[in-house]
Structure formats: C-alpha cells, structure tokens
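S.K.: Take the sequence shown: its position 38, counted from the start at 1, is 40 in our numbering, and no numbers get skipped.
A virtual CB, placed ideally from N, CA and C, is assigned to each residue, including glycine.
Fair warning: this is a prediction, and the values are worked out from it, not measured in the lab.
Here you go, one structure.
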Amino acid sequence: MNNKIIIINGPNLNLLGEREQSQYGSITFDELEEICIKKSNELGLDMKFVHSNIEGELVNLIQQSINKFDGIIINAAAFTHTSIAIRDALDVFKKPIIEVHISNIYKREDFRHKSLISAVVTGIICGLGINGYILAINSMHEILLNEN
Ligand code: DQA
C-alpha cells in the first residue's frame with residue numbers, strides 16, 4: 003500500500019504568484035499544487051494538498067491527519083511564528099513532520115526568526131523557494147521508506 007502524506011498550507015499561501023514575488027516567486031498556488039502532485043505520483047505517494055487561512059482549521063486538519071496520514075509537510079506561514087495551538091497539535095502527531103518555508107525566514111524581519119513549531123518537527127527546509135516543497139516530498143519519501 004502507498005504511503006499517504008498531507009501537505010498543509012497556512013494563511014496567504016493561496017495568494018502565491020500575486021503576493022511579494024521577491025520573497026515567494028511567481029508560481030501560483032494552483033501551479034504549486036500541480037508540481038507537488040506530479041512529484042508525489044512519481045514517488046508513489048498518495049498526497050493530499052490543503053490550505054486554510056484559519057488557525058483552528060489548521061489544528062483540525064492536523065488532528066484529523068493522525069489516523070489518516072503517515073507524514074505531514076507543513077508551511078504554517080505566519081502561524082509558524084505565533085501559534086502554540088498548531089505546535090501542540092503537531093506534537094500529538096507522532097510520525098514524521100517536515101516544516102517548509104519558501105523564503106529564508108532568518109534573512110527577514112526579526113519576528114520571523116522564531117518558529118514555534120521547529121522544536122516538534124523532524125526537519126526544516128527554508129529559503130529554497132518552492133523547490134523546498136519538492137525537497138520535502140523527496141525527504142518524506144525516503145524517511146517513510148526507511149521506516150517500513
Ligand atoms: C513563509 C514565511 C512566513 O514568515 C510568512 O508569514 C509566510 C510564508 C514562507 O513560506 O516563506 O506567509 O512561511
């Protein structure tokens with residue numbers, strides 16, 4: 003049976019391609035989803051790609067993932083820097099988690115330098131543009147293969 007992963011995207015990522023292209027590039031959110039579907043299919047991963055602007059909905063998605071998915075890739079966007087609720091939900095998910103940021107959060111404003119979720123994830127990819135999502139899918143694939 004294929005491994006199942008979920009890619010969870012937080013607030014404003016639906017505006018990719020329109021918002022701050024100098025930070026996030028020109029690829030749209032729909033194009034990013036297509037790229038992630040293609041890569042996951044190539045690797046034989048069943049992948050679900052989701053977005054919410056709402057903190058509680060992201061918490062619900064993480065909780066619902068516990069019995070449905072083998073791994074989470076998450077770009078919590080601005081909630082990375084503020085949400086204890088998302089951190090606590092991720093902490094309950096006892097399987098691999100990869101945190102992704104399109105931009106290099108450490109090169110930006112001070113308030114982006116602190117991630118509340120990094121301490122509860124398996125690994126972090128940031129500053130490599132949307133390629134970070136591809137790297138995360140590849141890494142998740144390897145992690146899950148090595149587990150089985
Ligand atoms: C982001 C970085 C966050 O600081 C920001 O709030 C985002 C996107 C990134 O992918 O680079 O919305 O997570």
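Just to confirm, are Ile8 and Lys50 a CB contact at a threshold of 8 Å?
M.R.: What you label residue 8 is simply residue 6 of the sequence shown in a count that begins at 1. What you label residue 50 is simply residue 48 of the sequence shown in a count that begins at 1. Contact: yes.
S.K.: May I ask which residues mark the beginning and end of the alpha helix (DSSP H) holding Lys6?
M.R.: For the purposes of this step, residue 6 is taken as residue 4 along the sequence shown, with counting starting at 1. That residue, Lys6, is in no alpha helix (DSSP H); its beta strand (DSSP E) goes Lys6 to Asn11.
S.K.: Nearer than 7 Å: is that true of the beta carbon of Arg89 relative to any heavy atom of the ligand DQA?
M.R.: Here residue 89 refers to the residue found at position 87 when the sequence shown is read from its first residue. No - the ligand DQA has no heavy atom lying nearer than 7 Å to the Cβ of Arg89.
S.K.: Give the range of the beta strand (DSSP E) segment to which His100 is assigned.
M.R.: Position 98 of the sequence shown, counted from the first residue, corresponds to residue 100. This sequence places Ile at residue 100; His is not what is there. Note, Ile100: beta strand (DSSP E), Ile99 to His103.
S.K.: Using CA coordinates, which residue listed in Asn43, Arg114, Glu44 and Leu15 is at the minimum distance from Thr30?
M.R.: Position 28 of the sequence shown holds residue 30. Checked all of Asn43, Arg114, Glu44 and Leu15; the closest Cα to Thr30 is Leu15.
S.K.: Listed by chain order, which residues have C-beta atoms less than 7 Å from any heavy atom of the ligand DQA?
M.R.: Matched residues: Gly12, Pro13, Asn14, Leu15, Gln25, Tyr26, Asn77, Ala78, Ala79, Ala80, Thr82, His83, Val102, His103, Ile104, Ser105, Ile107, Arg110, Arg114 and Cys128.
S.K.: Spell out whether any CB of chain B is found under 8 Å from the CB atom of Ile107.
M.R.: Although the question refers to chain B, the structure presented lacks it and comprises just one protein chain.
S.K.: Classify Asp53 as helix, strand or coil using the three-state DSSP reduction.
M.R.: Numbered from 1 along the sequence shown, position 51 holds the residue referred to as residue 53. Here residue 53 is His; the residue named in the question, Asp, does not match the sequence. Three-state result, His53: strand.
S.K.: Going by C-alpha distance, which of Asn5, Gly27 and Cys38 is nearest Gly131?
M.R.: By one-based count along the sequence shown, residue 131 stands at place 129. Ranking Asn5, Gly27 and Cys38 by Cα distance to Gly131 puts Gly27 first.
S.K.: With a Cβ-Cβ cutoff of 8 Å, do Gly129 and Asn106 count as a contact?
M.R.: As a position in the sequence shown, residue 129 is number 127, starting the count at 1. As a position in the sequence shown, residue 106 is number 104, starting the count at 1. Yes, the Cβ-Cβ distance between Gly129 and Asn106 is below 8 Å.
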